[in-house]
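Residue numbers (the numbering used here): 37 to 356.
In what follows, a single structure is set out as structure tokens and then discussed.
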Amino acid sequence: MRPFRFGLIGFAILCSGFASASDYPTQQITMIVPLAPGGLADLVARAIQTPLQSALGKPVIIENRPGGGGAVGAVAVARSKPDGHTLLLALSPTIALPEMDRLDGKKPSYELPELTPIARLTAEPFVILVRPDAPWKSFAEVVEDARKRPNAISFASSGTRGSIHFAVALAAHAANVDFLHVPYRGGGPAVTALLSKDVDFTLAAPSVAAQFVDGGQLRAIARSGGEPLKLYPKLTSFKEQGIDAEYTLWSALYAPAATPADVQEKLKTTLRAIYADPAFQKAADGAGLDLKMLQGADLKAFHDREEVATNKLIHIIGKI
């Protein structure tokens, strides 16, 4: 298991450049993670918690608020006071949930324009995990087995319409197979379900998977896409295993849409300083986090592309 040492890192981030900004923050900052502890969103939140506190001079409290595949936490932040004291650290499905609601004929619980992205923080493929005694050596073998036994092979997700559910739905649609979906309230509980032999496989971010793969408790049989992983360079992707699907899991920090521009800029500048710190980079690398920050025009372009592509895929897959 890779130790987490973010809390031991001292950050001497100078704030003199904030002279023209507001007095933000004036109280503690609540960072809502819309999933249960133990998954990627929770790990990223805890990675930046201490350096944010050090740089901003106020406590940063992490509040896990799971439900609705991430919608419960997203709604809480979208409807909060837009002063920068309530933030959302969410994963890729944040951009998909409103369109999924519309596909179901329901009014979305929130709309994307209610949230403003401050920064993309990480981006990486999932790792597909099974127990060491599982009969499959690759995800292609899981798919082949599923063709013979529809709905017999089960997977644990982080919640209905969460990132794991969406990634498996993409792969299942591409391979024309059916798996039995067992939703949990976060990536951590999904891994626990696999360890407890309640399901046959699950997906996890590399930083989460490493804690169990390196200890021999679980076995990695594929990655969901992207470039070869630094942690597991020989692990092949869905496409390399003959499954025409790809999914990248990313995390991002959001604020309510009406948050003042100077508060947003202070958060962006602070995050840039944190990411530039060699000690933070070393700790993140040791924890298996793939730091890939985007801000400004690059972030907007990425976010817009992801929204269009994801909504298109939602309509191809249909209701999940």
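Just so it is clear, CB atoms sit at the ideal spot from N, CA and C, and this is done for glycine as well.
Quantities reported herein were computed from a predicted structural model and do not represent experimental measurements.
By a C-beta neighbour count over all protein chains shown, 10 Å radius and 16 as the cutoff for buried, is residue i buried or exposed?
i: residue 187; result: exposed
i: residue 74; result: buried
i: residue 352; result: exposed
i: residue 232; result: exposed
i: residue 104; result: buried
i: residue 323; result: buried
i: residue 158; result: buried
i: residue 160; result: buried
Let me check understanding here. Comparing Cα to Cα, which of the options lies closest to residue i?
i: residue 265; options: 325, 296 and 218; result: 325
i: residue 189; options: 275, 84, 171 and 199; result: 171
i: residue 69; options: 299, 81 and 283; result: 81
i: residue 303; options: 211, 219, 78 and 85; result: 85
i: residue 185; options: 150, 245 and 214; result: 214
i: residue 224; options: 177, 240 and 262; result: 240
i: residue 234; options: 201, 219, 287 and 246; result: 219
i: residue 196; options: 314, 222 and 286; result: 222
Just the C-alpha distance for residue i and residue j, rounded to the nearest angstrom, thanks.
i: residue 301; j: residue 148; result: 20 Å
i: residue 101; j: residue 205; result: 24 Å
i: residue 173; j: residue 258; result: 9 Å
i: residue 165; j: residue 317; result: 26 Å
i: residue 270; j: residue 77; result: 25 Å
i: residue 124; j: residue 251; result: 32 Å
i: residue 336; j: residue 253; result: 40 Å
i: residue 268; j: residue 117; result: 42 Å
i: residue 329; j: residue 282; result: 21 Å
i: residue 290; j: residue 154; result: 5 Å
i: residue 64; j: residue 340; result: 31 Å
i: residue 66; j: residue 110; result: 13 Å
Spell out whether any CB of chain D is found under 7 Å from the CB atom of residue i.
i: residue 262; result: No chain D is present in this structure, which holds just one protein chain.
Could you give the C-beta distance for residue i and residue j, rounded to a whole number, given that I count them as a contact under 8 Å?
i: residue 345; j: residue 279; result: At roughly 18 Å, the Cβ-Cβ gap does not stay under 8 Å, so residue 345 and residue 279 are not in contact.
i: residue 299; j: residue 120; result: 4 Å
i: residue 306; j: residue 91; result: 5 Å
Fully enclosed by the stretch 248 to 328, which alpha helix (DSSP H) runs are 4 residues long or longer? 297 to 312 and 314 to 322
If we require 4 or more residues per run, which alpha helix (DSSP H) segments fall completely within the stretch 102 to 179? 107 to 114 and 133 to 139
Let me know the alpha helix (DSSP H) ranges lying completely inside the stretch 175 to 252, each 4 residues or longer, listed in chain order. Within the stretch 175 to 252, the complete alpha helix (DSSP H) runs of at least 4 residues are 175 to 184, 199 to 211, 223 to 231 and 242 to 249.
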